[in-house]
Amino acid sequence: IGERLGAFGGGVLMSATLEPMDVLREVTGLDALAADGRPVVERVYGLDFPDENRASFAVKAPKFTYGNRGPPDEGNRVREAHARAMRQVAAGPGNVLVGMPSYAEADWAAGVLREAADVDKPVLLDESTDDDATEELKTEFFDGPAKVLVTSLRGTLTEGVDYRGDRLRAAVVCGVPIVNTASPRTRAVRTAYDRRFGEVSGSHPDGSPGASSSGEGFRTALLTPAVRKARQAVGRVVRGPEEVGVRVLLDERYATDSWDSVRDLLGPDREEFRPVGPEMLPFALERFRE
């Protein structure tokens, strides 16, 4: 990457989710370019839109992990808590985007919302399809009365899509969308990051060698990209100074400072995401909508 960037006279790498900057500079070759004498300058800008136009919540719902939530067809307290919160957000005015960790979970969420008596609007489901089908779904979502669009955070509808104006009034992300940690590729990437950014020792949970005692491989290779996808999804809301919207992150890891917290990965605007208990979410939403 650094060689490609170095071939240009200058350039701008711009996104709301480039953090952590030290890792970005390392893996993209910017540090190497700086060492060769190329000027590399960092600039960070806050969100200039009026604070009163947006409400951001990190809900202390049970962790929506693969082990906790169980199969989609088997209800438990974890799924019930997330389903309840999703319904509360989806029942609000305007278009609502729901981001799930996978397409299978998106299918489950769409079913929950379609059966909800308090969600009085069509529920669209994004599936793993071709570009034409995705464009048709996006057009259907934008046209006509308010709807709910449920998608995977690994799809294309949560990044790079312009939901300007009244196209989106709320976005809710369910869980931290970490990729399958058991795949050979993921384990190899994690080990590579362990060796570069952490002190390699011990073993992975399955007993294979190469885990870092500091956990930097898991954090850098898996957690950071996962939280970046969540931030991209909720970042579709409020794209201009006159727009109003709600951003909700559903999972206690976004809300607390526990050992497996990802709150510090939310970037400079982490303090905007006010931690609330699941029982207080409907009141917080109602207060903002008044």
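Under the numbering used here, the first residue of the sequence shown is numbered 84, with each subsequent residue one higher.
Just so it is clear, CB atoms sit at the ideal spot from N, CA and C, and this is done for glycine as well.
Supposed close pair residue i, residue j - CB separation, criterion 8 Å
| i | j | result |
| --- | --- | --- |
| residue 368 | residue 329 | 7 Å |
| residue 217 | residue 182 | That pair is no contact at about 15 Å. |
| residue 175 | residue 370 | Not a contact, Cβ separation roughly 12 Å. |
| residue 356 | residue 98 | That belief does not hold up - the Cβ atoms of residue 356 and residue 98 are roughly 19 Å apart, past 8 Å. |
| residue 187 | residue 155 | 7 Å |
| residue 110 | residue 117 | 14 Å between Cβ atoms; not a contact. |
Whether residue i touches residue j by CB criterion (8 Å)
| i | j | result |
| --- | --- | --- |
| residue 242 | residue 171 | no |
| residue 90 | residue 338 | no |
| residue 159 | residue 153 | yes |
| residue 280 | residue 307 | no |
| residue 177 | residue 249 | yes |
| residue 135 | residue 104 | no |
| residue 345 | residue 310 | yes |
| residue 208 | residue 221 | no |
| residue 258 | residue 147 | yes |
Between the CA atoms of residue j and residue i - distance to the nearest angstrom
| i | j | result |
| --- | --- | --- |
| residue 236 | residue 313 | 7 Å |
| residue 289 | residue 263 | With a pLDDT of 40 at residue 289, under the threshold of 50, the predicted position of this residue should be treated as unreliable, though the coordinate-derived value follows. Going from the Cα of residue 289 to the Cα of residue 263 covers about 14 Å. |
| residue 113 | residue 121 | 9 Å |
| residue 291 | residue 86 | Per-residue confidence for residue 291 stands at a pLDDT of 45, beneath the threshold of 50, marking its modelled position as unreliable; no derived number is given. |
| residue 210 | residue 247 | 23 Å |
| residue 300 | residue 204 | 43 Å |
| residue 244 | residue 196 | 23 Å |
| residue 106 | residue 200 | 46 Å |
| residue 261 | residue 185 | 10 Å |
| residue 343 | residue 353 | 16 Å |
| residue 223 | residue 265 | 37 Å |
Cβ shell of residue i (< 8 Å), same chain only, five flanking positions each side left out
| i | result |
| --- | --- |
| residue 132 | 321, 323, 324 and 326 |
Residues near residue i by beta carbon distance below 7 Å, same chain, minus five either side
| i | result |
| --- | --- |
| residue 144 | 164, 165, 168, 333, 334, 335 and 361 |
Proximity test, residue i beta-carbon vs the ligand FMN heavy atom, cut-off 7 Å
| i | result |
| --- | --- |
| residue 309 | The ligand FMN is not part of this structure, which contains no ligands at all. |
Residues near residue i in its chain [Cβ-Cβ closer than 6 Å; skip 5 each side]
| i | result |
| --- | --- |
| residue 206 | 193, 196, 197 and 231 |
| residue 137 | 321 and 328 |
Can you confirm whether the segment 219-229 touches the segment 264-280 when touching is taken to mean that 3 or more C-beta pairs between the two stretches lie within less than 8 Å? no
Touching or not, the segment 311-328 and the segment 251-259, by the rule of three or more beta carbon pairs under 8 Å? yes
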